[in-house]
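In the order they appear, the protein sequences are chains X and E.
Numbering follows the numbering used here, in which position 101 of the first sequence is assigned residue number 101; successive positions increment by one, without gaps.
Position in the second sequence (from 1) plus 295 gives the number in the numbering used here.
For every residue, glycine included, the Cβ atom is placed at its ideal position computed from N, Cα and C.
Owing to the predicted nature of the structure, the values given are computational and were not obtained by experimental measurement.
Shown next, in structure tokens, is the structure this report addresses.
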Amino acid sequence: MLNKFDLLVPKTLDEALQQYAELGSKCKIFAGGTDVLVSMHGGHKAYALLMDIKNLEELKGVEYTPEKGIVIGALTTHRCLERLPAIKEVYTALFEGVSQVGSVQTRNRGTIGGNICNAVPSGDTLGPLLALNASVIVQSVKGAREIPFGELFPGPKKTALKEDELLIKILIPARLSNSASAYTKFARRNSMDLALLGTATDLISNDGKTCDNARISLTTAAPTIIRARKTEEFLVGKELTKDVMKEAGEIASAEAKPRSSWRSSEEYRREVLKAIVPRTLAIALDRIQKGVNIP
Amino acid sequence: MSTQKYPIKLEVNGEWHTLQVAAQHSLLQVLRDQLNLTGTKECCDEGECGACTVLLNGRSVTSCLILAVEVDGSSITTIEGLGQGDQLDPLQESFLEHGAVQCGFCIPGIIMSGKYLLKKNPKPTYEEVQEGLAGNLCRCAGYGQIIEAVLSTAEKAGEAQS
Ligand SMILES: Cc1cc2nc3c(=O)[nH]c(=O)nc-3n(C[C@H](O)[C@H](O)[C@H](O)COP(=O)(O)OP(=O)(O)OC[C@H]3O[C@@H](n4cnc5c(N)ncnc54)[C@H](O)[C@@H]3O)c2cc1C
């Protein structure tokens, strides 16, 4: 049961932005509601006013071209993304993120925009999007601007969106043919569990052996999602042997800043990182060798 | 805060209804309390257990996490909409045959998830059924029979086609 609240249902983006500019934090935006309605359940959070943005056409649709990359409307559900060949075959790390959110029912309703704006470090799309070098377009009555994913989360449960801005769409650049990506969600069970830890890798290797470039993200390994920059630097130019990947895991484990929580201790999280970072690198490398992630 | 009611139209199991709902009313509450369709169960109210699963425009959703006003104009199928008269849906029959129903509380939700799974994937593997039903909890924990019931429905449908 939910407490009483009022509801705004704008029909156009202009109307929504206008209302949001006037009301700001007095009004809680919701898309799929799978985070917002759960947080309101049992009077836990009481919002007096909700704005349902589900009717805004500008926030819908997915466009993919191998040359330009992919543009994903903020309202796109995880389920819709999971079933798109371009996501599964080309942006595989993101496929591995969206297809592991909650249950089928959650994915049929929950949106990628909601996952991003909810800004919890365990969000399953965040690590893949950071590794894949995504950015987002946000908009207010004053205009639109682009924010790179690396600048989107200034602190835990915070986004860089201003009080009157809506997330409109997500952009991921075009892929190179000698690259592949992978995401590992480490949780206690396969479905319906939040990530204890996660890591995504976007790897470029022209000869299928050497690392020409790697972008590695770590989720739930620090107060916000982070890039494993020292690990990335270490890998460039190295042949990806078992030992090199193992060392990469140790560097990532050392540069992460996990904390102890009731879910698991800091020490345990550091050990898990040593295992999942090399594992994810190996999966990406294998995909390059098999040529499976080609746009 | 206002006690405003919103007029909505819903097609439930093939029949249109015009209803007055408050903003905070979930689809689950409206189905149960206004339309007396109590086959859809209320349990965790947080999207975790799946007992309230219905099909919304053909897609499985947890009706506790959906506001009734959000789905104005939509088509809903609940467990009551599957059979025809005394004739059960083949998936329901299969649950009976396999002894997949113990206390029964979770079964309407599980059957709705099963219907959605079989529509999207008419020949699922054992693992795909597990994954497809992952959003539905059964505390009697007879998952083995439940999964067999779904698999056998798929097999029978396949045989009937070939
Ligand atoms: C049973 C269950 C299991 C779950 N499991 C997982 C899981 O395994 N992994 C995971 O990552 N998440 C999980 N979640 C959380 C949730 O489903 C996802 O975060 C989902 O993507 C949220 O999307 P939504 O559209 O429902 O968001 P909403 O609840 O509508 O909104 C979430 C937040 O984003 C803001 N917001 C939404 N859209 C916009 C926009 N366009 N512009 C500005 N602000 C916006 C809202 O104000 C709110 O703060 C689970 C949830 C449930 C109920």
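| Query | Result |
| --- | --- |
| Indicate whether at least one CB of chain E lies closer than 8 Å to the CB of Q105 of chain X. | yes |
| Let me confirm a value: P417 of chain E is counted as buried when at least 16 other C-beta atoms fall within 10 Å, else exposed. Which label applies? | exposed |
| Tell me which residues share the same chain as V366 of chain E and place their Cβ nearer than 8 Å to its Cβ, disregarding the 5 neighbours each side in the sequence. | I303, L305, L322, L351 |
| Starting from K63 of chain X, trace the beta strand (DSSP E) both ways and give me its first and last residue. | This sequence places Glu at residue 63 of chain X; Lys is not what is there. It spans 62-65 - the beta strand (DSSP E) in which E63 of chain X sits, taken as one unbroken run. |
| In the stretch 235-293 of chain X, which residue ranges form an unbroken alpha helix (DSSP H) of at least 4 residues, counting only runs that do not cross its ends? | 242-255, 266-290 |
| Please give the ranges of any beta strand (DSSP E) in the stretch 138-162 of chain X, keeping only runs that are unbroken, at least 3 residues long and fully inside the region. | 143-148 |
| Could you check how far apart the C-beta atoms of A195 of chain X and S265 of chain X are, in whole angstroms? I think they sit under 8 Å. | 16 Å between Cβ atoms; not a contact. |
| Please report the distance separating the alpha-carbon of Q304 of chain X from that of S355 of chain E. | The structure shown does not extend to residue 304 of chain X, since chain X spans only 1 to 295, so no value can be given for it. |
| Hey, I225 of chain X and L235 of chain X: beta-carbon distance below 8 Å or not? | no |
| Nearest-angstrom Cα distance between S358 of chain E and E63 of chain X? | 30 Å |
| Quick one: which chain E residues come within Cβ less than 9 Å of R109 of chain X? | G342, L351, R354, V356, T357, L360, I361 |
| Just to check, is the beta-carbon of L129 of chain X closer than 7 Å to a non-hydrogen atom of ligand 1? | no |
| For S135 of chain X, is the beta carbon positioned less than 7 Å from some heavy atom of ligand 1? | no |
| Have a look at V325 of chain E and I374 of chain E and give me their C-alpha separation to the nearest angstrom. | 15 Å |
| Would you identify the three-state DSSP class for D124 of chain X, choosing helix, strand or coil? | coil |
| Between M51 of chain X and chain E, is any beta-carbon pair separated by less than 8 Å? | no |
| Mind listing the chain X neighbours of Y411 of chain E? Cutoff is C-beta to C-beta under 8 Å, in chain order. | V104 |
| So, does the stretch 13-30 of chain X touch the stretch 136-148 of chain X, judging by three or more C-beta pairs under 8 Å? | yes |
| Could you work out which residues of chain E lie near L7 of chain X, taking near to mean beta carbons separated by less than 7 Å? | A318, V364 |
| Does ligand 1 have a heavy atom nearer than 7 Å to the CB of G114 of chain X? | yes |
| Distance, Cα to Cα, A16 of chain X vs E267 of chain X? | 46 Å |
| Counting only beta-carbon separations shorter than 8 Å, does T293 of chain E have a partner in chain X? | With chain E covering only 296 through 457, there is no way to say anything about residue 293 of chain E. |
| May I ask you to report which of helix, strand or coil DSSP gives F186 of chain X? | strand |
| Go to T95 of chain X, then tell me how far its alpha helix (DSSP H) extends in each direction, as first and last residue. | Contrary to the premise, residue 95 of chain X reads as Phe rather than Thr in this sequence. First-last of the alpha helix (DSSP H) with F95 of chain X: 92-98. |
| Going straight from the alpha carbon of K410 of chain E to that of C338 of chain E, what length do you get? | 21 Å |
| Consult DSSP for T199 of chain X and reduce its assignment to one of helix, strand or coil. | strand |
| Which residues bound the beta strand (DSSP E) around K30 of chain X? | The sequence given here has Phe at residue 30 of chain X, not Lys. First-last of the beta strand (DSSP E) with F30 of chain X: 28-30. |
| Nearest CA to the CA of L431 of chain E: which residue from E:T298, E:L391, E:V349, E:L332? | It should be noted that the sequence gives Asn, not Leu, for residue 431 of chain E. If we check each option's Cα against that of N431 of chain E, E:V349 comes out closest. |
| Within 8 Å of any Cβ in chain E, is that where the Cβ of S191 of chain X sits? | yes |
| Would a C-beta distance cut-off of 8 Å place A214 of chain X and P128 of chain X closer than the cut-off? | no |
| By alpha-carbon positions, which one of X:K257, X:R279, X:V98 ends up nearest to A248 of chain X? | X:R279 |
| Give me the residue from E:D328, E:Q315, E:L332, E:A429 with the minimum Cα distance to I442 of chain E. | E:A429 |
| Would you list the one or two residues that DSSP bridges to D6 of chain X? | X:L49 |
| Checking contacts by CB at 8 Å: is E426 of chain E closer than that to chain X? | yes |
| Against chain E, with Cβ distances strictly below 8 Å, would N3 of chain X count as a contact? | yes |
| When you check each C-beta in the stretch 121-140 of chain X against every C-beta of chain E, which residues fall closer than 7 Å? | none |
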